[in-house]
Amino acid sequence: MISNIAPMRIGNSGIKIRRGAAACVLLAGAVMLTCCDRSGNSSPRPPRRTAGAKRVVSFSPAITQMMFDMGLGDRVVGVTRLCELPPGLQRPRVGDALSFNSEAILAVRPDIIFTQVDAAKFQGVRDIDGHVKVMYLSIESQDDIPAAMLTIGKELGCGRIARDKAEAFCQAIEAVEYRVRLLPRKRTVFVMGTDRPTVAGAGTFVADMISSAGGTNVGAAIPGQAIWRPTQIEAIMKVRPDVLICQVAPGKEDAARAYWMQWKDIPAAASGQVYVVSAAGWSIPGTHLAKLLPKMVAMIHGELPAPGATTMPAGATAEGRSP
9 MISNIAPMRI
19 GNSGIKIRRG
29 AAACVLLAGA
39 VMLTCCDRSG
49 NSSPRPPRRT
59 AGAKRVVSFS
69 PAITQMMFDM
79 GLGDRVVGVT
89 RLCELPPGLQ
99 RPRVGDALSF
109 NSEAILAVRP
119 DIIFTQVDAA
129 KFQGVRDIDG
139 HVKVMYLSIE
149 SQDDIPAAML
159 TIGKELGCGR
169 IARDKAEAFC
179 QAIEAVEYRV
189 RLLPRKRTVF
199 VMGTDRPTVA
209 GAGTFVADMI
219 SSAGGTNVGA
229 AIPGQAIWRP
239 TQIEAIMKVR
249 PDVLICQVAP
259 GKEDAARAYW
269 MQWKDIPAAA
279 SGQVYVVSAA
289 GWSIPGTHLA
299 KLLPKMVAMI
309 HGELPAPGAT
319 TMPAGATAEG
329 RSP
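Now the structure itself:
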């Protein structure tokens, strides 16, 4: 983010990554989003792999999305029940964060498992087949996304592909940051659900998105130990957000907006700046966030100024200086 976080670089890659906080979050289930394919319990055969290519089990919706976006979907031979695949594609479902099925994982003959859960949970797989490598990837902040792509690319021998995709992601984020840099930062909160709302606190990729979109994440001021913190309506009223974004399961959008609009003591409700989203991608950190970020900008600021007035000039950095 260009406002108050200094850029840093990963190794000699030349890709700018900003510091992010560490915590674990995979939240699609928290709002009962259904990300599984529509094929039920079918177990399609894994794709034929290129000679010498590593076979990957992606044990994370975020990692699965990254793999396919990087053009490495042919390496993926197994995914979780919560992973969303490109239309028309199927992969064997081998478990989820709460259910580890060693037999199902070994049945797809993986060389490597990428995961966002504790690698020790896969010890049963390694006890049977010691050649299977398990790699934990921390994907918690917005800046963890390009870092994870670089790690995946290095492990699979696809460093150039990973670097290109990571650079494209960073550039897309920085372009948005540049366009909103002069706009007033509105107090914004991202809430999951209504009856038992959970708020995005500091250290979440959603908090980073709010900052990149030109807002101030007031969810960070709501008390709680977890970075995604359960809360009450009174606490949300107290932080007085100007913009409220709520994620719910598909089909519950109208009810959710009606719920929040009744609380006129919340500035966002009084002004009508309550927005409800139901796409699963809002709670999964991945490269698709670069496409969602302009939508968040529109929620916070409305229509952006004409691109000619705010587009980052060639050769300029997000901080507004020539490199």
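Under the working numbering, think of the first position of the sequence shown as 9, with each following residue one higher.
Using N, Cα and C, we set each Cβ at its ideal position, and we do this for glycine too.
Predicted model only: the values in this text are computed from it and were never measured.
Check                                                                                                        : Outcome
Ile160 versus Ala176, Met143, Ser149 and Gln150, residue with shortest Cα-Cα distance                        : Met143
Three-state secondary structure assigned by DSSP to Lys141                                                   : strand
Spatially closest choice to Lys173 from Val251, Met157, Trp268 and Ala287, by CA coordinates                 : Met157
Euclidean distance between Cα positions of Pro205 and Ile253                                                 : 12 Å
Continuous beta strand (DSSP E) assignments of at least 3 residues falling wholly in the stretch 172–221     : 194–200 and 206–208
Cβ distance (whole Å) where Val284 is taken to contact Ala298 below 8 Å                                      : No, Val284 and Ala298 are not in contact; Cβ-Cβ is about 22 Å, not under 8 Å.
Ranges of the beta strand (DSSP E) found wholly within the stretch 220–251, counting only runs of at least 3 : 223–225 and 236–238
Whole-angstrom distance between Thr202 and Asp104, CA atom to CA atom                                        : 25 Å
At least 3 beta-carbon pairs within less than 8 Å: the stretch 174–190 vs the stretch 287–305                : yes
For Thr72, the three-state DSSP class (helix, strand or coil)                                                : helix
One or two residues paired with Gly103 in a DSSP bridge                                                      : Phe108
Cβ-Cβ distance between Met307 and Gln255 below 7 Å                                                           : no
Exposure of Glu242, with buried meaning 16 or more beta-carbon neighbours within 10 Å                        : exposed
Those residues which DSSP pairs with Val284 across a bridge                                                  : Cys254
Among Arg195, Thr239, Arg134 and Ala228, the one whose alpha carbon lies nearest that of Ala276              : Arg195
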